[in-house]
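Just add 3 to the spot in the sequence shown (first one is 1) and you have the working numbering.
A virtual CB, placed ideally from N, CA and C, is assigned to each residue, including glycine.
Below is one structure, written out as structure tokens; the observations come after it.
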Amino acid sequence: MERGGWWRSLLARVTIAYAVGSLLLTTTVAFATFELTQSRLLSDAQSQHLEQFKNNVTDVRLRFQALPEDPEDIELVYGDLLAQLSTPNGSQPLLSPSPEQFRGRGGVSEDDLPTNIRARIQLTDLEVLQQRYTRNGEPRYVLAVNLGDQGVAYYEFVSLADVDATLQSLRLILVGVAVGAGLLGALLGWYAARSALAPLPRISNAALAIAEGDLDTKIEFQADRDLATLSEAFNYMVEAVRERIEREQRFTSDVSHELRSPLMTLTASVEVLERRSESLPDVAQQAVELLSQDLERFQRLVEDLLEISRLEAGAVQLQLSRFRLAEFLDNVVRGERHQNVVVHHPPRGDTISITADKRRLAQVMTNLIQNAKKYGDGDVEVSFEAVGEDIHIAVEDSGPGVPFEQRERIFERFGRIGSSAGNRAIETGFGLGLSLVAEHVRIHGGTVRVTDRIDGQHGARFVVQLPLGEHVDVVEEMAE
């Protein structure tokens, strides 16, 4: 099964979803909080400055009304007037008796005026103009009014540096909170997803154990109501599967046993007819010959079914012995009189020994060779090699091969592959030979698989993998 990266797992997706969700939520809240706070701080600052500005405007108008028509020192008058203005908020006043004259306090001059304020002030009369702007990197707030009848314009400049510093600190805090909330959300999502997915490994392991034949596997989740329901359904399913398999096994075994008696009777009767075939007409002789062949096939089927039933029921006792593999394979080929079968010996192959049940391993090799001869063209090649602590025995043919999607099914009981172009057509037989191969190899603690030929030629390559050691770990429970 193909596996993607970590980010494609359910745990990762839930963690990322929590992180992104919490980050979006906190970012939205932080943005709204910053905007509201900024608006409130600036509004409060402007309101305070506006009240003070209006008081100073009233004072300026009254003082200008009290001025003599021709004061002796106008500069001194302006200086006294600016000095007497109240600026508790740190504002800087600027007077403009005419568009060309400006008198300021605190170092301000006409250069500090925004261009649009300076242009608009001449078009208004007693209307307070306000604007926020930045000069030399410093945020400022200016208020202006044209006193009209006196031909005087009055300005006040207020620094918003303190408010801006407060907003910058708030911005950093909110960004930190958003990032922290995102990380916390990711951690919370990871913990929640891991807690929710914690039962999955147990369920997966139980499913794998059942797939490998351990039908006694159970799962228990009593502490969680929802998982308890799942475990009850899972265990009920396993029990139902086990009962069905047991019924099928009993049925196969019972039918095979029941068939043996009439089969023996039929076989004995056919033998009598064969001994007297010379006295029978030609048509009857042909019928007896066909009947004998079908009975032989039927008898093999019954024996194979009984053997599979014993293997599945665990009623098999392996007769293990140590023997040389090369000599064993040569004897199998010679003993079965297999034609066009070549056994390839690797270097130092005569020194390789294996511990196994010789009779059952011989049946494995015979079934594989017969299968290769039936569906392959040309010679059948048998080879073996030691790989680590295992031995690999390969049987190759030159037939059409086995389609990839059917390479597991071919080892199932009665597994048959449909006849079509490029497929390994099964036209005769009952589909039990390779099933017996798989069962015999399994109880030896090995595996069997089918692949393409490694030389790139057409054909199938069946590989039996068995342990080499003196002691074989038999996975089948042996009957007492």
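{"Check": "Exposed or buried, VAL405, counting other C-beta atoms within 10 Å across all chains shown (16 or more means buried)?", "Outcome": "buried"}
{"Check": "Straight-line CA distance for VAL444 to LEU187?", "Outcome": "53 Å"}
{"Check": "Nearest to SER99 by CA position, among ASN92, PRO91 and PHE67, is which residue?", "Outcome": "PHE67"}
{"Check": "So the alpha helix (DSSP H) VAL23 belongs to, where does it begin and stop?", "Outcome": "13-68"}
{"Check": "Report the three-state DSSP secondary structure of GLY391 (helix, strand or coil).", "Outcome": "coil"}
{"Check": "Assess contact between the region 175-184 and the region 27-47, defined as three or more Cβ pairs (one per stretch) separated by less than 8 Å. Is contact present?", "Outcome": "yes"}
{"Check": "Looking only at its own chain, which residues have a Cβ that is under 6 Å from the Cβ of PHE465, when we skip the five neighbours before and after it?", "Outcome": "LEU371, VAL398 and VAL453"}
{"Check": "Within its chain, find whatever has a CB closer than 7 Å to the CB of SER280; leave out the 5 residues flanking it on each side and keep chain order.", "Outcome": "GLN288 and VAL291"}
{"Check": "Between ASN374 and chain C, is any beta-carbon pair separated by less than 8 Å?", "Outcome": "Reference to chain C is not applicable here, since this structure consists of a single protein chain."}
{"Check": "Would you check if the distance between the CB atom of PRO102 and the CB atom of VAL145 is smaller than 8 Å?", "Outcome": "no"}
{"Check": "Could you check if ILE357 is buried or exposed, using at least 16 other CB atoms within 10 Å of its CB as the buried criterion?", "Outcome": "buried"}
{"Check": "Using C-beta distances below 8 Å, list every residue in its chain close to ALA424, excluding the 5 sequence neighbours before and after it, in chain order.", "Outcome": "Low per-residue confidence applies at ALA424: pLDDT is 36, beneath 50, and the placement is therefore not dependable enough to give any value."}
{"Check": "Excluding the 5 residues flanking SER324 on each side, which residues of the same chain have their C-beta closer than 8 Å to its C-beta?", "Outcome": "THR358, ALA359, ASP360 and LYS361"}
{"Check": "Could you spell out where the beta strand (DSSP E) holding ASN149 opens and where it closes?", "Outcome": "141-149"}
{"Check": "Taking C-beta to C-beta, are LEU132 and ARG64 nearer than 8 Å?", "Outcome": "no"}
{"Check": "When the distance is taken between beta carbons, is GLN460 closer than 8 Å to SER401?", "Outcome": "yes"}
{"Check": "Sorted by chain position, which residues of the same chain lie with C-beta nearer than 8 Å to GLY432's C-beta, five sequence neighbours on each side aside?", "Outcome": "Here GLY432 scores only 46 on pLDDT, less than 50, and its place in the model should not be relied on; the value that follows carries that caveat. Only LYS377 meet the Cβ criterion."}
{"Check": "Could you check which residue in ALA329, VAL344, LYS221 and VAL166 has the C-alpha nearest to that of ILE355?", "Outcome": "ALA329"}
{"Check": "As a quick exercise: from GLN41, LEU266 and THR90, pick the residue whose alpha carbon is nearest that of PHE56.", "Outcome": "THR90"}
{"Check": "Counting beta carbon pairs with one atom in the region 185-202 and one in the region 14-28, are three or more of them shorter than 8 Å?", "Outcome": "yes"}
{"Check": "Just the C-alpha distance for GLY82 and LEU173, rounded to the nearest angstrom, thanks.", "Outcome": "40 Å"}
{"Check": "Locate the alpha helix (DSSP H) running through PRO202, then write down its first and last residues.", "Outcome": "202-214"}
{"Check": "Can you tell me which of LEU14, LEU163 and ALA147 puts its alpha carbon nearest to the alpha carbon of ARG197?", "Outcome": "LEU14"}
{"Check": "From PHE2 to ALA48, what distance separates their C-alpha atoms?", "Outcome": "Coverage of the chain is limited to positions 4 through 483, which leaves residue 2 absent and any answer about it impossible."}
{"Check": "Could you give the residue range of the alpha helix (DSSP H) that holds HIS447?", "Outcome": "Careful: HIS447 lies outside any alpha helix (DSSP H) and carries neither H nor E."}
{"Check": "Of the choices VAL346, GLN322 and GLN320, whose alpha-carbon is the least far from that of LEU332?", "Outcome": "VAL346"}
{"Check": "Could you work out which residue in GLN104, ALA184 and ARG135 is closest to SER25 when comparing CA atoms only?", "Outcome": "ALA184"}
{"Check": "May I ask you to list the residues that DSSP assigns as paired with GLN95?", "Outcome": "PHE160"}
{"Check": "For PHE105 and ILE120, what's the separation of their Cα atoms in angstroms?", "Outcome": "14 Å"}
{"Check": "Going by C-alpha distance, which of VAL305, GLU277, ILE124 and GLU306 is nearest VAL293?", "Outcome": "It is worth fixing the name first, because residue 293 is Leu in this sequence and not Val. Selected option, being the one with the closest Cα: GLU277."}
{"Check": "Only counting runs of 4 or more residues, tell me where the alpha helix (DSSP H) segments fall wholly within the region 317-398, in order along the chain.", "Outcome": "328-338 and 361-378"}
{"Check": "Does DSSP put GLY436 in a helix, in a strand, or in coil?", "Outcome": "helix"}
{"Check": "Ignore the nearest five residues each way along the sequence and tell me which others in ALA441's own chain have a CB closer than 7 Å to its CB.", "Outcome": "PHE414 and VAL451"}
{"Check": "Enumerate in chain order the residues of its own chain whose CB-to-CB distance from LEU269 is below 7 Å, with the five nearest sequence positions on each side excluded.", "Outcome": "LEU298"}
{"Check": "Where GLY379 and ARG327 are concerned, what is the direct C-alpha to C-alpha distance, given to the nearest angstrom?", "Outcome": "28 Å"}
{"Check": "Would SER207 be called buried (16 or more neighbouring beta carbons within 10 Å of its own) or exposed?", "Outcome": "exposed"}
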